[in-house]
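Q:
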Amino acid sequence: MVSPKDIAVDHEGSVYVIVNTTHQVEKYSAEGSYLHAIGGFGTKDTQFQNPSGLGIDGSGNVYVADSGNYRIQVFDSSGIFIRKWGSVGDRDGQFRSLNGLTVDIAGNSYVLEDASARMQVFNATGNYASHMAVGDGVSDIARSKTGDYFVLYTSNNQVFKFKTDGTVLARWGTKGSNPDQFRSPASLAVDANGNVYVVDTLNHRVQVFSAAGIYRGEFGDLGQGLGQFNSPEGIAVDSSGKVYISDTNNERVQVFTVTLR
Numbered sequence: 002m003v004s005p006k007d008i009a010v011d012h013e014g015s016v017y018v019i020v021n022t023t024h025q026v027e028k029y030s031a032e033g034s035y036l037h038a039i040g041g042f043g044t045k046d047t048q049f050q051n052p053s054g055l056g057i058d059g060s061g062n063v064y065v066a067d068s069g070n071y072r073i074q075v076f077d078s079s080g081i082f083i084r085k086w087g088s089v090g091d092r093d094g095q096f097r098s099l100n101g102l103t104v105d106i107a108g109n110s111y112v113l114e115d116a117s118a119r120m121q122v123f124n125a126t127g128n129y130a131s132h133m134a135v136g137d138g139v140s141d142i143a144r145s146k147t148g149d150y151f152v153l154y155t156s157n158n159q160v161f162k163f164k165t166d167g168t169v170l171a172r173w174g175t176k177g178s179n180p181d182q183f184r185s186p187a188s189l190a191v192d193a194n195g196n197v198y199v200v201d202t203l204n205h206r207v208q209v210f211s212a213a214g215i216y217r218g219e220f221g222d223l224g225q226g227l228g229q230f231n232s233p234e235g236i237a238v239d240s241s242g243k244v245y246i247s248d249t250n251n252e253r254v255q256v257f258t259v260t261l262r
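Position one of the sequence shown corresponds to residue 2 (this note's numbering), numbered consecutively onward.
1) Let me make sure I understand the geometry here. Which of S88, T103, F49 has the alpha-carbon closest to that of L55?
2) Could you give the distance in angstroms between the alpha-carbon of E219 and the alpha-carbon of R206?
3) Please report the straight-line C-alpha distance between N251 and L227, rounded to a whole angstrom.
4) For I8 and D58, which I take to be in contact (beta-carbon distance under 8 Å), what is that distance rounded to the nearest angstrom?
5) Output yes or no for whether 9 Å exceeds the beta carbon distance between V244 and T258.
6) Which same chain residues, not among the five before or five after A118, have their C-beta less than 7 Å away from its C-beta?
7) In the DSSP assignment, what residue or residues form a beta bridge with P5?
8) So V160 is in the beta strand (DSSP E); what residue range does that whole segment cover?
9) Specify the secondary structure class of G56 as computed by DSSP and reduced to three states.
10) Within 10 angstroms of its Cβ, does N100 collect 16 or more other Cβ (buried), or is it exposed?
11) Could you tell me which of A143, D248, A130, G90 sits nearest to A193, measuring between CA atoms?
12) Does G69 come out as helix, strand or coil in the three-state DSSP assignment?
13) Just checking my contact of G174 with N158 at CB under 8 Å: how many whole Å lie between their CB atoms?
14) Buried or exposed: P52, going by 16 or more other Cβ atoms within 10 Å of its Cβ?
15) Give me the residue from A187, A190, Y198, A125 with the minimum Cα distance to W86.
16) Which residue spans inside the segment 134-195 form an unbroken beta strand (DSSP E) run of at least 3?
17) Where does V191 land, buried or exposed, given buried means 16+ other C-beta within 10 angstroms?
18) Looking at C-alpha atoms only, which residue of A130, G235, M120 is the closest neighbour of G167?
19) Would you mind giving the Cβ-Cβ distance between R262 and R217, rounded to the nearest angstrom? I have them listed as a contact below 8 Å.
20) Report buried or exposed for Y64, applying the criterion of at least 16 other Cβ atoms within 10 angstroms of its Cβ.
21) What distance in whole Å lies between the Cβ atoms of D141 and S188, which are believed to be in contact at a cut-off of 8 Å?
Shown next as structure tokens:
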């Protein structure tokens with residue numbers, strides 16, 4: 002795969018990876034075998050322009066943030082088109098940018114927009130439900146089992162934790178290379194226990210924090226060997242706790258079992 006970006010894993014262990022150079026989403030088996038691709042450059046249904054985010058619901062349907070077309074497209078696990086929604090604009094249900102996407106088991110989707118400084122929520126059929134102001138500089142979002150939102154701000158090198166009403170519960174991060182510091186972090190994910198994994202891209206590592214933002218460990222450094230990264234960008238954590246990383250400039254996906262202190 003060439004320059005993999007965002008990544009998602011379904012309940013069967015199949016892995017979906019955004020490849021921006023081809024404007025496609027590639028699907029792989031749990032063992033890493035290539036299965037098929039969705040998309041290609043264009044504006045028609047099943048085509049994308051610079052896809053930027055992935056999510057998977059409890060039925061295995063795949064949600065793609067089709068950033069350049071200002072919409073969300075949904076496919077079944079075989080890559081068959083189901084529905085789409087969105088257009089360019091500032092109204093509810095419209096987008097100026099699509100910078101992060103997460104989907105819950107019920108199929109509700111949560112979409113970050115840096116250009117409009119908000120997160121929009123949609124139900125399983127794509128109908129607008131609500132929105133929350135998040136400020137600008139946002140790049141990715143994850144949602145815990147308790148319903149709290151974790152929002153990544155790449156330009157500020159910070160993570161914010163929000164309640165559903167927009168109240169800030171915690172925030173952490175500054176620019177640097179020490180623990181608790183980041184250099185252009187690209188994405189984040191939350192595991193079943195509420196631990197937050199942050200892809201610290203230019204430090205070529207993944208840092209792990211508690212739900213309150215307490216540092217719990219890290220893994221990775223710059224290189225091409227197993228367990229090393231070169232500007233990683235995407236992350237997913239499956240139901241068993243395995244961590245999947247898009248090791249972008251090494252053009253591969255790596256899978257980890259992480260032991261936290």
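Glycine is no exception: its CB is placed at the ideal position from the N, C-alpha and C atoms. Computed from a prediction, not measured in an experiment: that's the story for all the values here.
A: On the basis of the data shown:
1) T103
2) 7 Å
3) 11 Å
4) Not quite, the Cβ-Cβ distance comes to about 16 Å (not below 8 Å), so this is no contact.
5) yes
6) A134, V135, G136, D137
7) V20
8) 159-163
9) strand
10) buried
11) A143
12) helix
13) 5 Å
14) buried
15) A125
16) 139-144, 150-154, 159-163, 169-173, 188-191
17) buried
18) M120
19) 6 Å
20) buried
21) 4 Å
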